[in-house]
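**Q** Numbering (my numbering), first residue to last: 603 to 781.
Sharing a structure here in structure tokens format.
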């Protein structure tokens, strides 16, 4: 988020941005079918978050409650958070073995600046996603990440993705199973 008038702008610091997101997440979002909050209130870096999506109507996801883990690294919101489904789900943009959104993981790998960190991410990526090719068009908010996007945007878009024609009728794992 940037503030300013005319040609000047001020970039809101990461922790202030996350405090805004926390406040919004605690108040509830829209119709109440998407929510998020911190995993640990003592985490002064505000990195680990939990999200919940209630499956959209008229889909195989209807009435199901999906739990997700979001991790906002030190570069958030300049770079997207890592997003992982904790609840098992069958969607085209999710790795069926780990619950990690395949594009998010590859984006983190590509954008990583530290060589050691890049190597670790590469090994992690290889071990959990095999050699599957990633289609960046499958999850647009992360493919075209912008600083203004929020965790709410990600969760809301994932819910919309559940209702998309290519995901709305996919056979789902038994309810209550986790990665």
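Where is the CB? At the ideal position from N, CA and C, for every residue including glycine.
Every value quoted in this text rests on a predicted model; they were computed, and no experiment measured them.
Output yes or no for whether 8 Å exceeds the beta carbon distance between residue 649 and residue 674.
**A** yes
**Q** Would a C-beta distance cut-off of 8 Å place residue 617 and residue 693 closer than the cut-off?
**A** no
**Q** Are there 16 or more other CB atoms within 10 angstroms of the CB of residue 815, so buried, or fewer, so exposed?
**A** Examination of residue 815 is not possible in this model, given that the chain is present from 603 through 781 alone.
**Q** Who pairs with residue 640 in a beta bridge, going by DSSP?
**A** Its beta-bridge partners are 651.
**Q** Compute the Euclidean distance between the alpha carbons of residue 622 and residue 760, then round it to the nearest angstrom.
**A** Taking the Cα positions, residue 622 is about 21 Å away from residue 760.
**Q** Could you tell me the alpha carbon to alpha carbon distance between residue 629 and residue 671, rounded to whole angstroms?
**A** 19 Å
**Q** Please state whether the Cβ-Cβ distance between residue 636 and residue 757 is less than 8 Å.
**A** yes
**Q** Taking the alpha helix (DSSP H) that residue 624 belongs to, which residues open and close that run?
**A** Unbroken alpha helix (DSSP H) run through residue 624: 616-629.
**Q** Can you round the beta-carbon distance between residue 657 and residue 753 to whole angstroms, since I take them to be within the 8 Å contact cut?
**A** With 8 Å as the limit, residue 657 and residue 753 do not qualify as a contact, their Cβ atoms being about 19 Å apart.
**Q** When the Cα atoms are used, what is the spatial distance from residue 668 to residue 685?
**A** 13 Å
**Q** Grab the span of the beta strand (DSSP E) containing residue 670 for me, first residue to last.
**A** Here the beta strand (DSSP E) through residue 670 covers 667-673.
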